[in-house]
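Asker:
Listed below in structure tokens is the structure:
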């Protein structure tokens with residue numbers, strides 16, 4: 004018999020840890036231990052949840068004693084269980100990374116960093132498990148408020164400027180989401196996604212449904228930082244401390260991606276060429292705009308931010324192709340990208356705080372002084388690009404096979420072009436910041452032994468994510484198999500509906 008209580012445990016772990024942190028306000032060390040313990044417990048629960056879901060297909064529960072579709076429905080399938088697992092893993096890694104005061108200043112840690120981080124993670128998990136559109140809006144607001152606090156913690160001018168851009172665009176996106184929910188509720192009388200999936204099949208409400216679909220598309224693509232609503236990400240992600248940037252780059256845009264895949268397989272199946280073409284054009288433009296932006300940046304964090312945008316386009320391309328292999332590729336690539344991109348920010352953060360600058364031209368001589376850290380950066384860069392046999396290669400291979408099978412040849416050309424330009428952007432960083440002799444700008448270069456001993460928490464967090472990255476590179480088959488199963492469930496929404504509403 005399925006253990007449905009596992010569904011809520013990762014969320015409760017983050018919520019209770021956040022509340023406990025308030026009891027130790029101003030005391031950094033207890034909050035650090037609480038954040039690490041809460042994240043680790045959430046990770047263990049997430050692993051158990053994934054095992055349970057792989058055995059029982061889909062788990063669901065009704066909160067408050069009301070039956071679906073009237074109560075608060077919580078649902079976990081293979082896709083959401085995977086996303087919960089990778090979110091908890093990243094939460095554990097960033098909690099360890101944050102032990103270093105060079106990643107988060109002492110004043111920020113005293114001023115609410117840990118409860119804000121944990122509440123944001125709670126919002127992420129809530130978005131993955133909710134089976135109701137209105138509750139999805141609520142979890143989005145929890146994420147938005149918490150992430151805004153994290154982004155502006157310290158109240159520096161650049162942080163406030165970046166946080167304002169982030170807040171305004173995401174607030175507008177949330178408003179579009181709320182408008183879509185209002186329309187759907189007015190038409191159907193429900194916000195439960197399983198019930199909506201059943202009711203929206205009626206042709207007599209197709210006009211209003213199409214309007215709601217467009218509003219949801221605008222909202223979710225804005226939150227995923229897709230073209231043309233991507234500009235808030237590179238304007239804001241480089242302003243907060245690197246630990247905040249890493250967790251936000253890894254997870255927040257992926258929540259937008261998750262909701263796109265969930266919505267356009269469950270509520271609005273992509274059976275209209277117009278919607279498919281719009282998604283494909285947006286995905287291709289996102290790929291190109293992101294990688295072209297990365298080529299001209301002088302700050303490593305902005306290079307990584309623009310490359311992040313480009314890879315969001317890769318993931319949504321799989322949804323636009325809308326085949327089992329393409330959806331599986333999107334899911335596989337999402338897991339890969341969360342691990343690699345967050346870890347690249349971790350490594351960049353360690354280099355930047357030690358050298359006192361993130362400007363490419365102010366760095367130099369990194370490879371000769373820190374060969375091990377340089378090797379890790381290059382390995383992650385090649386994984387991001389998709390050089391075989393690293394994990395990025397398998398995702399792009401699956402995308403290519405799916406595109407060929409659907410006769411979508413233009414996206415293949417754009418995918419290959421953006422991969423080459425991504426490689427060039429990372430080689431540019433490597434050539435200037437790592438191989439070029441140091442010209443004396445920035446802080447003096449210490450020995451690698453001093454670097455590693457002085458940043459042990461950072462090294463531990465980098466090592467954790469690196470182990471998992473190499474794991475899915477060497478043993479990609481299990482993740483491919485699980486991603487394929489998740490794609491099958493997404494493309495067969497009747498399984499989800501039957502689990503929530505019954506026979």
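Residue numbers (our numbering): 4 to 506.
Note that the Cβ used here is the ideal one computed from N, Cα and C, for glycine as well.
Just so you know, these numbers come straight off a predicted model, no measurement behind them.
(1) CB-CB under 6 Å to residue 293, same chain, minus the five flanking residues each way: which ones, in chain order?
(2) Hey, quick one: how far does the beta strand (DSSP E) through residue 77 stretch, first residue to last?
(3) Roughly how many angstroms lie between the CA atoms of residue 136 and residue 459, to the nearest whole one?
(4) Select from 377, 55 and 224 the residue whose C-alpha is nearest the C-alpha of residue 262.
(5) Find the nearest neighbour of residue 159 within the set 306, 66 and 110, judged by alpha-carbon distance.
(6) Below 8 Å on the Cβ atoms is my guess for residue 239 versus residue 168; work out the distance and round it to an integer in Å.
(7) Tell me the rounded alpha-carbon separation between residue 500 and residue 372.
(8) With distance defined between alpha-carbon atoms, name the residue in 139, 241 and 355 nearest to residue 454.
(9) Flag this pair as yes or no: are the beta carbons of residue 108 and residue 157 separated by less than 9 Å?
(10) So, under 8 Å CB-CB, residue 41 and residue 121 are touching, yes? Tell me the CB distance rounded to an integer number of Å.
(11) Spell out the partners DSSP gives residue 517 in its beta bridges.
(12) Would you grab the beta carbon distance between residue 328 and residue 404 for me? Rounded to a whole angstrom, and I think it's under 8 Å.
(13) Provide the residue span of the beta strand (DSSP E) that contains residue 177, from first to last.
(14) Sort out for me which residues DSSP pairs residue 388 with in a bridge.
(15) Contact check, residue 482 vs residue 338 under 8 Å by CB: the rounded distance?
(16) Please report the Cβ distance between residue 364 and residue 301, rounded to the nearest whole angstrom; I am assuming they are in contact, meaning their Cβ atoms lie under 8 Å.
(17) Going by DSSP, what residues sit across from residue 195 in a beta bridge?
(18) Who are the near neighbours of residue 269 in its chain, counting only those whose CB is closer than 7 Å to its CB and skipping five residues on each side?
(19) Which two residues bound the contiguous beta strand (DSSP E) that contains residue 62?
(20) Kindly list the residues whose CB is nearer than 6 Å to the CB of residue 463, restricted to its own chain and excluding five residues on each side of it in sequence; keep chain order.
(21) Closest to residue 16 by C-alpha separation, out of 35, 33, 43 and 434, would be which residue?
(22) With DSSP run on the structure shown, which of helix, strand or coil describes residue 362?
(23) Spell out the partners DSSP gives residue 302 in its beta bridges.
(24) Nearest to residue 96 by CA position, among 468, 479 and 488, is which residue?
(25) Excluding five sequence neighbours on each side, which residues of the same chain lie with their C-beta closer than 7 Å to the C-beta of residue 21?
(26) Keeping to the same chain, check which residues put their C-beta closer than 8 Å to that of residue 272; ignore five residues upstream and five downstream.
(27) Taking the alpha helix (DSSP H) that residue 410 belongs to, which residues open and close that run?
(28) Who are the near neighbours of residue 253 in its chain, counting only those whose CB is closer than 7 Å to its CB and skipping five residues on each side?
(29) Just to check my reading of the structure: residue 388 and residue 333 have Cβ atoms closer than 8 Å, yes? What is that Cβ distance to the nearest angstrom?
(30) If you pair each beta-carbon of the segment 282-289 with each one of the segment 224-235, do three or more pairs fall below 8 Å?
(31) Assuming the contact rule is C-beta atoms closer than 8 Å, residue 330 and residue 256 should be a hit. Round their C-beta distance to whole Å, please.
(32) For residue 476 versus residue 370, is the C-beta spacing smaller than 9 Å?
(33) Do residue 198 and residue 297 come within 9 Å of each other at the CB atom, strictly closer than that value?
(34) What do you get for residue 142, buried or exposed, if any count of 16 or more other CB atoms within 10 angstroms of its CB means buried?
(35) Should residue 82 be labelled buried (16 or more other beta-carbon atoms within 10 Å of its own) or exposed?
(36) Taking the CB atoms as reference points, tell me whether residue 249 and residue 151 lie closer together than 9 Å.
Answerer: Well, looking at it:
(1) Mapped onto the chain shown, residue 293 falls at position 290. For residue 293, where only same-chain residues beyond five positions count, the Cβ hits under 6 Å are 309, 312 and 313.
(2) Reading the chain shown from its first residue, position 74 is the one you call residue 77. Its beta strand (DSSP E) spans residues 75-79.
(3) As a position in the chain shown, residue 136 is number 133, starting the count at 1. As a position in the chain shown, residue 459 is number 456, starting the count at 1. The straight-line gap separating the alpha-carbon atoms of residue 136 and residue 459 is approximately 42 Å.
(4) By 1-based counting over the chain shown, the position of residue 262 is 259. Taking each of 377, 55 and 224 in turn and checking the Cα distance to residue 262, the smallest one comes out for 224.
(5) Here residue 159 is taken as the residue at index 156 of the chain shown, counted from 1. Comparing Cα-Cα distances from residue 159 to each of 306, 66 and 110, the minimum goes to 110.
(6) As a first step, residue 239 is located in the chain shown; it is residue number 236 there, counting from the start. As a first step, residue 168 is located in the chain shown; it is residue number 165 there, counting from the start. The Cβ separation is near 5 Å, so the contact holds.
(7) Along the chain shown, one-based indexing puts residue 500 at 497. Along the chain shown, one-based indexing puts residue 372 at 369. The alpha-carbon atoms of residue 500 and residue 372 are separated by roughly 57 Å.
(8) Counted from its first residue, the chain shown places residue 454 at position 451. Of 139, 241 and 355, the residue nearest in Cα terms is 355.
(9) Residue 108 sits at position 105 when you count from the first residue of the chain shown. Residue 157 sits at position 154 when you count from the first residue of the chain shown. Yes, these two residues count as a Cβ contact at 9 Å.
(10) Along the chain shown, read from residue 1 onward, the residue named residue 41 stands at position 38. Along the chain shown, read from residue 1 onward, the residue named residue 121 stands at position 118. Rounded, the Cβ-Cβ distance is 6 Å, consistent with contact.
(11) Missing from the structure shown is residue 517; the chain here goes from 4 to 506 and no further.
(12) Taking the first residue of the chain shown as 1, we reach residue 328 at position 325. Taking the first residue of the chain shown as 1, we reach residue 404 at position 401. About 6 Å; that satisfies the 8 Å criterion.
(13) For the purposes of this step, residue 177 is identified with residue 174 of the chain shown, where counting begins at 1. Taken as a continuous stretch (DSSP letters only), residue 177 belongs to no beta strand (DSSP E), being part of the alpha helix (DSSP H) at 160-191.
(14) Here residue 388 refers to the residue found at position 385 when the chain shown is read from its first residue. Answer is none; residue 388 lacks a bridge partner.
(15) On the chain shown, residue 482 is found 479 positions in, with the first residue counted as 1. On the chain shown, residue 338 is found 335 positions in, with the first residue counted as 1. Right, their Cβ atoms sit about 6 Å apart.
(16) Within the chain shown, the letter at position 361 stands for residue 364. Within the chain shown, the letter at position 298 stands for residue 301. Indeed they touch by this definition, with Cβ atoms about 6 Å apart.
(17) In the chain shown, counting from the first residue as 1, residue 195 sits at position 192. Answer by DSSP bridge pairing, in chain order: 135.
(18) Taking the chain shown and counting its residues from 1, one reaches residue 269 at position 266. The answer, listed in chain order, is 196, 200, 496 and 499.
(19) Here the question's residue 62 lines up with position 59 in the chain shown. Counting along the chain, the beta strand (DSSP E) containing residue 62 begins and ends at 62-66.
(20) For the purposes of this step, residue 463 is identified with residue 460 of the chain shown, where counting begins at 1. Here the set comprises 99.
(21) Residue mapping note: residue 16 aligns to position 13 of the chain shown, counting from 1. The shortest C-alpha separation from residue 16 is found at 43.
(22) Looking up residue 362 in the chain shown gives position 359. Three-state DSSP puts residue 362 in a strand.
(23) The residue given as residue 302 occupies position 299 in the chain shown. Paired residues: 362.
(24) In the chain shown, the residue the question calls residue 96 occupies position 93. Taking only the C-alpha atoms, the option nearest residue 96 is 468.
(25) To locate residue 21, count along the chain shown from 1; it is residue 18. Only 118, 121, 122 and 125 meet the Cβ criterion.
(26) Sequence index remark: in the chain shown, residue 272 carries index 269 (1-based). The residues are 496.
(27) Residue 410 sits at position 407 when you count from the first residue of the chain shown. No alpha helix (DSSP H) holds residue 410; DSSP gives it neither H nor E.
(28) For the purposes of this step, residue 253 is identified with residue 250 of the chain shown, where counting begins at 1. Cβ within range, chain order: 93, 341, 344 and 345.
(29) Within the chain shown, the letter at position 385 stands for residue 388. Within the chain shown, the letter at position 330 stands for residue 333. Actually they are not in contact, since the Cβ atoms of residue 388 and residue 333 sit about 18 Å apart, beyond 8 Å.
(30) Contact between the segment 282-289 and the segment 224-235 is present: 3 or more CB-CB pairs across the two stretches fall below 8 Å.
(31) Along the chain shown, one-based indexing puts residue 330 at 327. Along the chain shown, one-based indexing puts residue 256 at 253. Not a contact, Cβ separation roughly 18 Å.
(32) Here residue 476 refers to the residue found at position 473 when the chain shown is read from its first residue. Here residue 370 refers to the residue found at position 367 when the chain shown is read from its first residue. Contact: no.
(33) Along the chain shown, read from residue 1 onward, the residue named residue 297 stands at position 294. Along the chain shown, read from residue 1 onward, the residue named residue 198 stands at position 195. It is not a contact, given that the beta carbons lie outside the stated cut-off.
(34) Counted from its first residue, the chain shown places residue 142 at position 139. Looking at its Cβ environment, which holds 16 or more other Cβ atoms inside 10 Å, residue 142 is buried.
(35) Taking the first residue of the chain shown as position 1, residue 82 is located at position 79. Residue 82 comes out buried.
(36) Here residue 249 is taken as the residue at index 246 of the chain shown, counted from 1. Here residue 151 is taken as the residue at index 148 of the chain shown, counted from 1. In this structure, the beta-carbon distance from residue 249 to residue 151 does not fall below 9 Å.
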